[in-house]
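Visitor:
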Amino acid sequence: MTASLYVHIPFCKQKCNYCDFVSYAGKENFIDEYVETMIREFESRCSVLYVPCSTVFFGGGTPTLLEPKHFDKILSTFISHSSLVISHSEISIEANPGTAGKAKLKALRQLGINRLSIGVQSFNDRQLKTLGRIHDSATAKRFYQDARDAGFDNINLDLIFALPGQTLAEWKRDLATAIALKPEHLSTYNLQIEEGTPFWERFKEPSPAAANRRTLSQRERVMSQADLQNTFSPPHPLTQSVPPLPEGEGTSPLIPVCATPSPFGRRCASLAHWMRGEKVHSSGRADEGLSLPSEDEELAMYEYAIEELAAHGYKHYEISNFAKPGYECQHNLVYWRNENYLGIGAGAHSHVNGQRWSNPNCIEKYLETATFSRRFPGSTADQRETIFLGLRLLDGLSIKKFKGFEAQVAELIKDGLLTEEKGNYKLTRQGLYLGNLVFEKFV
Amino acid sequence: MLNRIRNFSIIAHIDHGKSTLADRLLDFTHTIAKRDMRAQVLDTMDLERERGITIKAQAIRMEYQNYILNLIDTPGHVDFSYEVSRSLAACEGALLLVDATQGIEAQTLANYHLALNNKLTIIPIINKIDLPGAEVEMARNELINTLGFKSEDILLASAKEGRGIGEIIDAVIKRVPAPLGDPDAPLQALIFDSHYDPYRGVIIYIRIVNGTLNKGDKILLMGTGKDFEALEIGTLRLDLIPRDTLSAGEVGYLIGNIKTISDAHVGDTVTNIKRQATTALPGYKKIKPMVFCGFYPINGEDYKLLKESIEKLQLNDAALFYEPETSAALGFGFRCGFLGLLHLEITQQRLTREFNIGLIATTPNVVYKVNLHNKKTLFIDNPTKLPDVSAIESIEEPYLKVSIFTPAEYVGSVMTLATEKRGTFINLEYLDPTRAVATYEIPLAEVIIEFHDLLKSVTKGYASMDYEQIGFRPSDLVKLDILINGELVDALSFIVHRDRAYYYGKKLTERLVEEIPQHQFSVPIQAAIGGKVIARETIRARRKDVLAKCYGGDITRKRKLLEKQKEGKKKMKLIGRVEIPQEAFLAVLRIGQ
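Protein chains in written order, with our numbering: chain A, 103 to 545; chain B, 844 to 1436.
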């Protein structure tokens, strides 16, 4: 059994519209002090992990906003205060295209960081603007190339689908572009609208029914006029309430948008919008009047990703994660196996044998911490958590872990959401799509 | 002594300043110490103060220049017109208040007629003359032209600022006649209000018409035939002031060993057992509820609490009727009867607020008179009790005569609305070039759903209405049923006119689609009449519900989310295979509101 280390770097150039992570723009001046504080934290708390660490993950925010010297300090502390052996560990860093040049990438690689996770999200410039990303598609591709040149041979690309106004065809193109780059690992996430983000204000759904109406199917009405003897009088305008139009209808999949950037890129995009009937504001915001894809479209996009990635040799090993054999993210597997990890930095979470804790989200508050109190491990991992996390891995987990939940398992098998294979219980394809219904049974 | 008594009341349309004027009168006569002065003293309940309406009538005795002035407060809302009329029956005079910025409105007129019917001397007062929008001359003209007052009899006042109060008191003394009555005749006292006190039992408020009441007398209530002992009697200021004797012309209270309010009906006559009056005082009516609905606790465990709370409310609300009832969809609850929609809403709010009960109220409905083929007649107050269609010869529904006061420019909209609500046109009259009153006969069932709100909405809030019951009339009525996933949900059934069946069916099914979450299978929602589906919506099956991301920092939060979703499902009512949230019942069943 091994443990993992997580380092949170909450600095960003700019907040994206969908982001609800712990990250802040405009606080780069705190970076030096922040690193010092993290080192202090690690020195106080490293003893809680009593087994060798085998993975490190620098997450954020935008970790690549830091300099190689910062990472050097942090990694050195890890080495001196724990049993971390760099050459035998997976050391990952999240990166944003445009925040590191080739030189920095090389330096990071030389420090021993051997896995890069690039936040591409989309190769469609219009989508990137909607998301509020600071890079464009060209920059992303260049960055990938730079990373290869710097010596990274374990790269992940993050992609998001079900974006506002996105069609299945656009998603297929994004995916094709990603696959063509031949990364070792791909994460494809269905966009989640989170409370407190700008997207929440724009796209939140007021009721279950709005979700229900966000479909492409027609509503049927059956009426037996003859039986009503009188022809009914249509409801008077005074008394009738007109139901709002369903959202999501009206996005046509037919007209392509330029995916490759060109000098006429922006105009091209505008033309496409105009042809699709979308308004383009003079401010240049091309995303007014967009709505989220329907549930059917989301599902189609997800299904397509699973099939297409399989066809190109990527194993679908977790709900949103695909990897070439041997390139599964070891750090994240620790989360899904409910194993132990220590998180340092503002907003970082830790888990040791069922005991969970986290640091304050606010950078200033984190920096003010005088002493980092000792933390103690729990006695054993929580069974419910082990199950609902473990089922995220598509191979499932051992039947033995389900002791006491036989009734729930039986129900889920009956409903076609769970199945048994090779001594494990795992999600069926239907269970994958309706995963929350499965997880709910175990919490 | 009699000739120094003046019994009077204040009558007005809502918000024309009745309660403020009452405050000022109490103030002027130094009846209440300054420190006890709270705005609108006579409205003792918070709810009343909040909605600005008086629900319970109270009475206060003032003394001024050797005169005894008994101010009897009355409920202002049309739902409670019986109580108003009995309070007026205890008076000889009434102050008719008209808001200078509004002029005569529906209840001004309704109360005026009630006062006239009780042969009261009416003193017209134009109030709120301090407001910038006050049009004193307009109000004066209306009082002269519509109600026949003489210009010199009209008083001006601003209750808020305390202007004109002295003149009003003088007018009461000079114009309101002293009560007539023989203190030596057999006792006849009118019960015009009552109140249940947890410590003292029922307190009844009485106006001695004839005779004398002494403490300790054995009394008989002539309407209910029950007898009690007058353990304590007295007069009223903010509190009770015990006395030994009350005689003809006086207003006061009586505490006997009266256990429940239903024993002491408003309008009943109190007399002395040993020396009974030969006749009771006129005007006593048994109260009949007009509007019904079902009250169900959201959580089954709250049933006992609901029962106790309704019982408590009924202690002080003789017009509240209730009996236990069951619904296949909602479980155990109560069918309650009210004087009107306002009465219903207030009761519902009191249950939710004062007793803290999570409550589902079903769509308000009226009593239907069902004539069967076998010549029997049934009165149905619950749609689910409607007998099979084959047994029914005809169904009759209660009708109201509705008078709507509106500015001239909205007359068209008002008439369209009334017609839309199955109203029959009776009359349209112009009070003056800018205001009209339209009279329609409208089924009560249409009035209790949306009518008042729609009226306000199409007249930008300027219209007001008053109504009276005019009996049952036959109608082409059908029972609308709602089926969820093929199963009949009885709590959602209601009786509707055939012409409106499609409209309501469509509206209901659409509302249900809004409120019921998606399931793993499609859920058809249908509205049907006698088994024939007339409207249908479908809730699509949920196809995707999975958390895309779950990493180290998400685990605690996402676990809580899953737990919350699980809890949420527990709160839903399972009908067949469909989980229905309480909000769905609430939203759907209150479809008119």
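We put the CB at the ideal spot given by N, CA and C, even for glycine.
1) May I ask you to list, following chain order, the residues of the stretch 487–510 of chain A that have a beta carbon less than 9 Å from some beta carbon of chain B?
2) Give the single residue among B/Pro1367, B/Phe871, B/Ile857 whose Cα lies nearest to the Cα of B/Arg784.
3) Taking the runs of the beta strand (DSSP E) that are 3 residues or longer, which of them lie wholly in the stretch 1113–1200 of chain B?
4) What residues in its chain sit with their C-beta under 8 Å from that of B/Val1245, if we drop five residues either side in the sequence?
5) Taking Cβ positions only, does B/Gln1312 come closer than 8 Å to chain A?
6) Can you tell me the Cα-Cα spacing of A/Met377 and A/Cys121, whole angstroms?
7) Which of the three DSSP states is assigned to B/Gly1009 in this structure?
8) Once the 5 residues before and after B/Ala933 are set aside, which same chain residues still bring their CB inside 7 Å of it?
9) Name, in chain order, the residues that DSSP records as bridge partners for B/Asn1057.
10) DSSP puts B/Gly1044 in a beta bridge; with which residues?
11) At a Cβ cut of 7 Å, what residues of the stretch 1399–1430 of chain B count as close to chain A, listed as they run along the chain?
12) For chain B, is any of its Cβ atoms less than 8 Å away from the one on A/Ser422?
13) So B/Glu1075 is in the beta strand (DSSP E); what residue range does that whole segment cover?
14) On the criterion of 16 or more Cβ atoms from any shown chain inside 10 Å, does A/Phe544 qualify as buried, or is it exposed?
15) Straight-line CA distance for A/Pro170 to A/Leu218?
16) Output yes or no for whether 8 Å exceeds the beta carbon distance between B/Asp1388 and A/Leu539.
17) Quick test of the definition: if touching needs 3 or more C-beta pairs under 8 Å, does the stretch 186–199 of chain A touch the stretch 219–235 of chain A?
18) For a cutoff of 8 Å on Cβ pairs, would you count A/Gly272 as touching chain B?
19) Which class does B/Tyr1305 belong to by DSSP, given the choice of helix, strand or coil?
20) Can you give the Cα-Cα distance for B/Pro1226 and B/Lys1322, rounded to whole angstroms?
21) Look at the alpha carbon of A/Gly162 and the alpha carbon of A/Ser289, and state the distance between them as a whole number of angstroms.
22) Under 9 Å between beta-carbons, which chain B residues line up against A/Asn434? List them in chain order, please.
23) Expressed to the nearest angstrom, what Euclidean distance is found between the alpha-carbon atoms of B/Gly1077 and B/Ile854?
24) List the endpoints of the continuous beta strand (DSSP E) containing A/Ala105.
25) Per DSSP, what are the beta-bridge partners of A/Asn258 in this structure?
26) A/Tyr538 touches chain B at which residues, Cβ-Cβ below 8 Å?
27) So with Cβ pairs under 8 Å, would you call A/Val344 a contact of chain B?
28) What is the rounded straight-line gap between the Cα of B/Thr1302 and the Cα of B/Lys1264?
29) Taking 7 Å as the limit between beta carbons, can you name the residues of its chain near B/Ile1016, skipping five residues before and five after?
30) Going along chain A in order, which residues have a C-beta closer than 8 Å to the C-beta of B/Gln1363?
31) What does the alpha-carbon distance come out to for the pair B/Gln1369 and B/His1108?
32) Could you tell me the distance, in whole angstroms, from the CA atom of B/Ile903 to the CA atom of B/Asp1082?
33) Which residues share a DSSP beta bridge with A/Gln457?
34) DSSP state of A/Leu210, grouped into three classes?
35) For B/Phe851, report the span of its beta strand (DSSP E) as first-last.
36) Does A/Val187 pass the burial test, meaning 16 or more other C-beta atoms within 10 Å, or should it be called exposed?
Guide: Concretely, from the data shown:
1) Glu487, Phe490, Leu491, Arg494
2) No answer is possible for residue 784 of chain B: it lies beyond the span of chain B, which begins at 844 and ends at 1436.
3) Correct list: 1134–1140, 1164–1170, 1174–1181.
4) Position 402 of the second sequence, counted from the first residue, corresponds to residue 1245 of chain B. So the list reads Ala1261, Gly1266, Thr1282, Tyr1283, Glu1284, Ile1285, Val1290, Met1308, Asp1309, Tyr1310, once near-sequence residues are dropped.
5) As a first step, residue 1312 of chain B is located in the second sequence; it is residue number 469 there, counting from the start. Not an interface residue.
6) Counting from one through the first sequence, the residue named residue 377 of chain A turns up at place 275. Counting from one through the first sequence, the residue named residue 121 of chain A turns up at place 19. At A/Met377 the pLDDT is 32, less than 50, meaning the model places this residue with poor confidence; the figure from the coordinates comes in the next sentence. Distance between the alpha carbons of A/Met377 and A/Cys121: 30 Å.
7) Taking the second sequence and counting its residues from 1, the one referred to as residue 1009 of chain B is at position 166. B/Gly1009 falls in the helix class under three-state DSSP.
8) Within the second sequence, the letter at position 90 stands for residue 933 of chain B. Closer than 7 Å at the Cβ level, and outside the excluded window around B/Ala933, lie Asn850, Ile915, Leu1033, Phe1035, Arg1050, Val1094.
9) Here residue 1057 of chain B corresponds to residue number 214 of the second sequence, with the count starting at 1. Answer by DSSP bridge pairing, in chain order: B/Thr1088.
10) Taking the second sequence and counting its residues from 1, one reaches residue 1044 of chain B at position 201. In the DSSP output, where bridge partners are listed per residue, B/Gly1044 has B/Asp1040.
11) Thr1399, Arg1402, Leu1405, Glu1406, Gln1408, Lys1409
12) For this step, residue 422 of chain A is matched to residue 320 along the first sequence. At least one chain B Cβ lies under 8 Å of A/Ser422.
13) Translated into the one-based positions of the second sequence, residue 1075 of chain B becomes position 232. B/Glu1075 -> beta strand (DSSP E) spans 1075–1079.
14) As a working note, residue 544 of chain A is residue 442 in the first sequence. Label assigned to A/Phe544: buried.
15) Looking up residue 170 of chain A in the first sequence gives position 68. Looking up residue 218 of chain A in the first sequence gives position 116. Approximately 14 Å between the Cα atoms of the pair.
16) One-based indexing of the second sequence puts residue 1388 of chain B at position 545. One-based indexing of the first sequence puts residue 539 of chain A at position 437. Yes; because the gap between Cβ atoms is below 8 Å, this pair is in contact.
17) yes
18) Looking up residue 272 of chain A in the first sequence gives position 170. In the sequence as displayed, the identity of residue 272 of chain A is Glu instead of Gly. So, not an interface residue.
19) In the second sequence, the residue the question calls residue 1305 of chain B occupies position 462. Of the three classes helix, strand and coil, the one that applies to B/Tyr1305 here is coil, per DSSP.
20) As a position in the second sequence, residue 1226 of chain B is number 383, starting the count at 1. As a position in the second sequence, residue 1322 of chain B is number 479, starting the count at 1. Roughly 7 Å between the two C-alpha positions.
21) As a first step, residue 162 of chain A must be located in the first sequence, where it is residue number 60. As a first step, residue 289 of chain A must be located in the first sequence, where it is residue number 187. Their Cα atoms are separated by approximately 16 Å.
22) Start at 1 with the first residue of the first sequence, and residue 434 of chain A comes out as number 332. By Cβ distance, chain B contributes Tyr1394, Gly1395.
23) By 1-based counting over the second sequence, the position of residue 1077 of chain B is 234. By 1-based counting over the second sequence, the position of residue 854 of chain B is 11. Each residue's Cα considered, the two are about 25 Å apart.
24) On the first sequence, position 3 is the one that residue 105 of chain A refers to. Element bounds for A/Ala105: 105–111.
25) Residue 258 of chain A sits at position 156 when you count from the first residue of the first sequence. Beta-bridge pairing links A/Asn258 to A/Ser219, A/His287.
26) The count along the first sequence starts at 1 and reaches residue 538 of chain A at position 436. In the sequence as presented, Tyr is not what sits at residue 538 of chain A; that position holds Asn. Those within 8 Å of A/Asn538 in chain B are Asp1388, Val1389, Leu1390, Leu1405, Gln1408.
27) Counting from 1 along the first sequence, the entry for residue 344 of chain A is found at position 242. Confidence at A/Val344 is low in this model, with a pLDDT of 32, below 50, so the placement of that residue should be treated as unreliable; the coordinate-derived value is given next. Taking Cβ atoms only, chain B never reaches closer than 8 Å to A/Val344, which makes this a no.
28) Your numbering for residue 1302 of chain B matches position 459 in the second sequence. Your numbering for residue 1264 of chain B matches position 421 in the second sequence. The straight-line gap from Cα to Cα measures roughly 16 Å.
29) Taking the first residue of the second sequence as 1, we reach residue 1016 of chain B at position 173. Here B/Ile1016 has Arg849, Tyr910 as same chain residues with Cβ atoms under 7 Å from its own Cβ, once five neighbours each way along the sequence are excluded.
30) Position 520 of the second sequence, counting from 1, holds the residue named residue 1363 of chain B. What B/Gln1363 touches in chain A: Asp517, Leu536, Leu539.
31) On the second sequence, residue 1369 of chain B is found 526 positions in, with the first residue counted as 1. On the second sequence, residue 1108 of chain B is found 265 positions in, with the first residue counted as 1. Rounded to whole angstroms, the gap between the alpha carbons of B/Gln1369 and B/His1108 is 46 Å.
32) The count along the second sequence starts at 1 and reaches residue 903 of chain B at position 60. The count along the second sequence starts at 1 and reaches residue 1082 of chain B at position 239. Going from the Cα of B/Ile903 to the Cα of B/Asp1082 covers about 9 Å.
33) The residue given as residue 457 of chain A occupies position 355 in the first sequence. According to DSSP, A/Gln457 bridges with A/Val454.
34) For the purposes of this step, residue 210 of chain A is identified with residue 108 of the first sequence, where counting begins at 1. Looking at A/Leu210 - three-state DSSP - the assignment turns out to be helix.
35) Mapped onto the second sequence, residue 851 of chain B falls at position 8. Start and end: 848–855.
36) The residue labelled residue 187 of chain A in the question sits at position 85 within the first sequence. Exposed, since its Cβ has fewer than 16 Cβ neighbours within 10 Å.
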